[in-house]
Amino acid sequence: MVNMGIFVGLVPAFAWGVQSIVMQKIGGKFTNKVVGMTMGTFLFAVVVSLIKTPQHLTGNLLLGSVLCGISWTIGQLLQVKSFDIFDVSQAMPISTGQQLVGTALFAVFYFHEWTKTWQLVLGAAAIALIIFGIISLSYSENKDAAGSSLQGLILLTISSVGFVGYAVLPRIFNLNGWEMLLPQSLAMFLCSLIYSLTVDRKDTFNKESFANILTGLCFAVANLALLFSNQFNGVAVGFTLSQLNVVIATLGGMWILHEMKTHKEMRHTLLGLLLVVAGAIMIGLTKF
0 MVNMGIFVGL VPAFAWGVQS IVMQKIGGKF TNKVVGMTMG TFLFAVVVSL IKTPQHLTGN
60 LLLGSVLCGI SWTIGQLLQV KSFDIFDVSQ AMPISTGQQL VGTALFAVFY FHEWTKTWQL
120 VLGAAAIALI IFGIISLSYS ENKDAAGSSL QGLILLTISS VGFVGYAVLP RIFNLNGWEM
180 LLPQSLAMFL CSLIYSLTVD RKDTFNKESF ANILTGLCFA VANLALLFSN QFNGVAVGFT
240 LSQLNVVIAT LGGMWILHEM KTHKEMRHTL LGLLLVVAGA IMIGLTKF
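For the sequence shown, numbering that gives the first Met the number 0 assigns the number 0 to the initial residue and increments by one for each residue that follows.
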């Protein structure tokens with residue numbers, strides 16, 4: 000079960016890493032990207048619900064799913080907006096580090112997932128290793144491109160708060176992946192649609208919006224896998240494994256999106272990736 004849990008936990012890492020690359024390749028305004036993504040996510044949820052009949056809607060399910068959807072929408076809108084300021088290979092490491100710290104604090108102090116001394120020591124060391132990896136990944140010889148923009152950092156910080164809420168709310172409301180999939184995705188779509196219609200009504204539904212349905216399918220697979228991963232592994236392990244998407248996003252940003260780096264920046268990138276992977280493996284070991 001542990002091995003299966005770790006495997007499930009790696010699915011979001013791959014799907015989310017691919018998602019950010021596909022999104023930037025398709026292009027469009029940040030509202031097009033998020034509206035298209037949530038359309039794809041909602042369509043996926045509808046198909047899944049037709050195959051597997053969802054449970055009856057309860058007040059707890061509705062509230063938890065809506066809050067989770069709102070939290071995600073805040074996180075995703077601001078993260079995608081930050082791509083206008085930072086490269087993907089810069090924004091994603093910063094976002095990842097902030098989310099890891101937030102979810103680890105919830106997991107330890109709210110969910111009490113690490114109850115043994117060795118788990119706390121290993122988990123704390125792993126988080127420290129990951130944070131050092133994120134710092135290394137974020138290094139740039141061009142200080143303006145290194146993430147020093149106050150506006151960009153504020154966007155990513157608020158975005159990360161939203162993503163932390165998205166990760167922990169299903170556990171707080173004791174919801175499983177199947178039952179919340181449809182109401183959560185509907186809340187995501189409606190929230191992003193309302194925002195887009197408010198700020199950019201004319202271009203809400205253009206070709207980039209519909210093309211970004213593909214990114215929604217990537218997200219939907221990752222989203223469902225994360226919900227199950229958090230049940231199998233706990234929030235600390237499940238969410239941390241999912242954040243290995245930073246490896247794919249960073250390498251993809253450089254090689255597919257052609258985000259250029261100097262030799263020194265490349266060395267920092269490779270070191271950071273090794274530290275992130277090592278830290279994630281250490282957190283995975285806390286399940287044994």
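Where is the CB? At the ideal position from N, CA and C, for every residue including glycine.
Taking the alpha helix (DSSP H) that residue i falls in, what are its first and last residues?
i	result
R305	The structure shown does not extend to residue 305, since the chain is modelled only from 0 through 287, so no value can be given for it.
K80	G58 to S81
L226	I212 to N232
N173	No alpha helix (DSSP H) holds N173; DSSP gives it neither H nor E.
L49	F29 to I50
I247	N244 to W254
Just how far apart, CA to CA, sit residue i and residue j?
i	j	result
I50	T261	50 angstroms
L284	D202	47 angstroms
I25	W117	46 angstroms
L121	V275	14 angstroms
L216	A44	10 angstroms
F227	L240	13 angstroms
E258	D83	13 angstroms
L269	V245	12 angstroms
G252	Q18	11 angstroms
F13	I212	18 angstroms
F218	K263	33 angstroms
L119	I171	21 angstroms
K206	K115	53 angstroms
G146	S137	Confidence at G146 is low in this model, with a pLDDT of 48, below 50, so its placement is unreliable and no value can be given for it.
R266	E140	12 angstroms
A166	R200	30 angstroms
L9	N2	11 angstroms
I93	H111	26 angstroms
S135	Q242	16 angstroms
G164	G278	22 angstroms
T37	K28	14 angstroms
V21	L225	20 angstroms
Q78	A221	17 angstroms
DSSP three-state label for residue i, please.
i	result
I280	helix
G146	Residue placement at G146 is flagged as unreliable, the pLDDT there being 48, under the threshold of 50; a coordinate-derived value is accordingly withheld.
K263	helix
N2	helix
L24	The question names Leu, yet the displayed sequence has Lys at residue 24. It is helical.
E178	helix
T285	coil
E258	coil
Among the options, whose alpha-carbon lies nearest the alpha-carbon of residue i?
i	options	result
S158	Y138, E207 and A90	A90
N229	L256, A106, A123 and L152	A106
T150	G176, F29 and S81	For the record, residue 150 in the displayed sequence is Gln; it is not Thr. Looking at the Cα atoms, S81 is the closest of the given residues.
V236	A186, S139, L154 and M281	M281
V86	L256, A279 and H267	It is worth fixing the name first, because residue 86 is Asp in this sequence and not Val. Of L256, A279 and H267, the residue nearest in Cα terms is L256.
W113	S195, G233, L273 and P11	G233
W177	M3, G271, L223 and N59	L223
Q97	P182, L185, I133 and A277	I133
T289	G4, M3, L152 and A124	Nothing can be reported for residue 289: it is not among the residues displayed for the chain, which extend from 0 to 287.
W254	G63, S88 and K28	S88
I126	L99, S135, Y109 and F110	L99
L174	V34, M36, G4 and G58	G58
M187	A221, L66 and I130	L66
G74	C190, V21, M38 and T52	C190
V47	L272, P182, T197 and L250	P182
L273	Y194, F231 and I130	I130
For chain C, find out if any of its Cβ atoms is closer than 9 angstroms to the Cβ of residue i; answer yes or no.
i	result
F82	Although the question refers to chain C, the structure presented lacks it and comprises just one protein chain.
Secondary structure, alpha helix (DSSP H): runs of 4+ residues fully inside the stretch 79-144: 87-108 and 116-136
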